[in-house]
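Have a look at the structure below, then the notes.
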Amino acid sequence: MSVKYGLFKGLVKAFGLKKQWEEKNAEKLLERQRRKNAKNRIPRLSDPDFEISLIKVMGFPVLRLIHKRASDRANLFLIGGGMISPPRPGSIKKALRFAKESGLDVFVPYYPLCTEYPVTKAYQMIHESYRLLLKSYAPSHISVLGSSSGGALALGMVPYINDGRRDVPMPGYIMAVSPGSCPDSEEEWKRMRELDRRDILIPARYMRTVTEIMRCGRDDVPDYMIWLQRGDFTNGPKVSLLYGGDETLSACAPSLTERLKRCGVKCDLHIEKGMFHCYPFFPVCREARAGWDLVLRLMKENFSGSPSELPRCDPSSSPCSSAPSDPSAGSKGEAPDH
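Residue numbers (my numbering): 60 to 397.
Next comes the structure, spelled out in structure tokens:
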């Protein structure tokens, strides 16, 4: 561990960033977050190489970072915040940096949050944002990058399309950094609690609380929006999954990777030993900068090809519609009782 990384971990612990997510009472947590969100602002960005503007989709803002030198490729960048926090100004500046270094036009949706809406509203708005991109870019020229809960939403775009929207083509590539999926078995919950001892940012407890938050009082939220491991990823594009080895959310990496592969999706998994939640987007030390470089490299290496090259599931075997392979998985619509 580098000296800078050690100092960073110490500062994070000193500021108690993990504690803000440990509240067991969902309504108390939401009320506190609503007050914070009211102070958040979309930053004013300026860059000589970009046309920067805001549009509205379903009444919610989408930030457009468009290269003045025309690009035929775009990225839908879904920034996470536990489904209750909007993109912060620092995250938007990283999105601009990503646009500059990747050469992609970047679209950042300020999707509806579960402080006010069920997670279904976020999926709907993101889907409509994606459909808007399809008017200007070929589907194989659109990638999706998501961090944390945004990573879950990025992956969830595939089962969302498969859930009665198959007339919409799949994007060309998906990268999910520390995607937030809830534990779907006793084994995953046990592994998550073990990792909780080393995680400096996301407590395992929150991944229980957030199941209630994402429903927002509704009982008709599809399972895959809470447990990605249950999603139908049939016909999905190539996927890259990135985790820090010391984060609680990596507990779900094995079952999620297995699910993707059973659905015929090409998937590569990267778990960086000793690293923290969403580490590539906090390049404050040598180890994290390597993660940022990995994001750019994977995007350039994998973001090519055409829909005809994407894998397909064998309809006769229906691997994507079967129950989770883990025999200890909770029953449909229910989280494990711990």
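Using N, Cα and C, we set each Cβ at its ideal position, and we do this for glycine too.
So within the segment 227-259, which uninterrupted alpha helix (DSSP H) runs reach at least 4 residues, ignoring any that extend past its ends?
245-255
* Out of curiosity, what's the CA-to-CA distance linking SER237 and LEU260? -> Locating residue 237 in the sequence shown gives position 178, where the first residue counts as 1. Locating residue 260 in the sequence shown gives position 201, where the first residue counts as 1. Going by the C-alpha atoms only, they are around 12 Å apart.
Worksheet item: Do you know how far the Cα of MET234 is from the Cα of LEU212?
Response: Position 153 of the sequence shown, counting from 1, holds the residue named residue 212. Position 175 of the sequence shown, counting from 1, holds the residue named residue 234. About 11 Å.
* To do: Look at the alpha carbon of PHE74 and the alpha carbon of ASP258, and state the distance between them as a whole number of angstroms.
  => One-based indexing of the sequence shown puts residue 74 at position 15. One-based indexing of the sequence shown puts residue 258 at position 199. Those two C-alpha atoms are separated by around 14 Å.
- Message: If you measure between the beta carbons of SER208 and MET251, is that distance less than 7 Å?
- Response: As a working note, residue 208 is residue 149 in the sequence shown. As a working note, residue 251 is residue 192 in the sequence shown. Not closer than 7 Å, so no.
> For LYS72, which residues from the same chain have a beta carbon less than 8 Å from its beta carbon, with the 5 sequence-adjacent residues on both sides left out?
Replying inline: Here residue 72 corresponds to residue number 13 of the sequence shown, with the count starting at 1. ILE259.
**Message:** Tell me which residues share the same chain as PRO342 and place their Cβ nearer than 6 Å to its Cβ, disregarding the 5 neighbours each side in the sequence.
**Reply:** Walking along the sequence shown from the start, residue 342 turns up at place 283. Result list for PRO342: ARG348 and TRP351, in chain order.
### Task
Tell me TYR64's beta-bridge partners as DSSP assigns them.
The residue labelled residue 64 in the question sits at position 5 within the sequence shown. Per DSSP, none; premise fails for TYR64.
Which value, in whole angstroms, describes the spacing of the CA atoms of THR307 and PHE119?
-> Here residue 307 refers to the residue found at position 248 of the sequence shown. Here residue 119 refers to the residue found at position 60 of the sequence shown. Going from the Cα of THR307 to the Cα of PHE119 covers about 31 Å.
Neighbourhood of LYS391 by C-beta distance below 6 Å, restricted to the same chain and skipping five residues each side:
Working through the sequence shown from its first residue, we reach residue 391 at position 332. Note that LYS391 scores a pLDDT of 31, beneath 50, so its modelled location is shaky; the value from the coordinates is reported in the next line. Excluding sequence neighbours, LYS391 sits near nothing in its chain.
If you reduce the DSSP assignment to three classes, tell me which class ALA197 lands in. Counted from its first residue, the sequence shown places residue 197 at position 138. Residue state, collapsed to three classes: coil.
Check your understanding: Can you round the beta-carbon distance between SER161 and ARG345 to whole angstroms, since I take them to be within the 8 Å contact cut?
Key -> Working through the sequence shown from its first residue, we reach residue 161 at position 102. Working through the sequence shown from its first residue, we reach residue 345 at position 286. Not confirmed; about 21 Å, so no contact.
task: Give a yes or no on whether the C-beta atoms belonging to CYS275 and PRO168 are separated by under 7 Å.
output: Locating residue 275 in the sequence shown gives position 216, counting from the first residue. Locating residue 168 in the sequence shown gives position 109, counting from the first residue. Not a contact, by the Cβ cut-off of 7 Å.
Straight-line CA distance for VAL165 to LYS152?
By one-based count along the sequence shown, residue 165 stands at place 106. By one-based count along the sequence shown, residue 152 stands at place 93. Near 12 Å, if we compare the C-alpha coordinates of LYS152 and VAL165.
Hey, how far is the Cα of ARG190 from the Cα of LEU155?
To locate residue 190, count along the sequence shown from 1; it is residue 131. To locate residue 155, count along the sequence shown from 1; it is residue 96. The alpha-carbon atoms of ARG190 and LEU155 are separated by roughly 22 Å.
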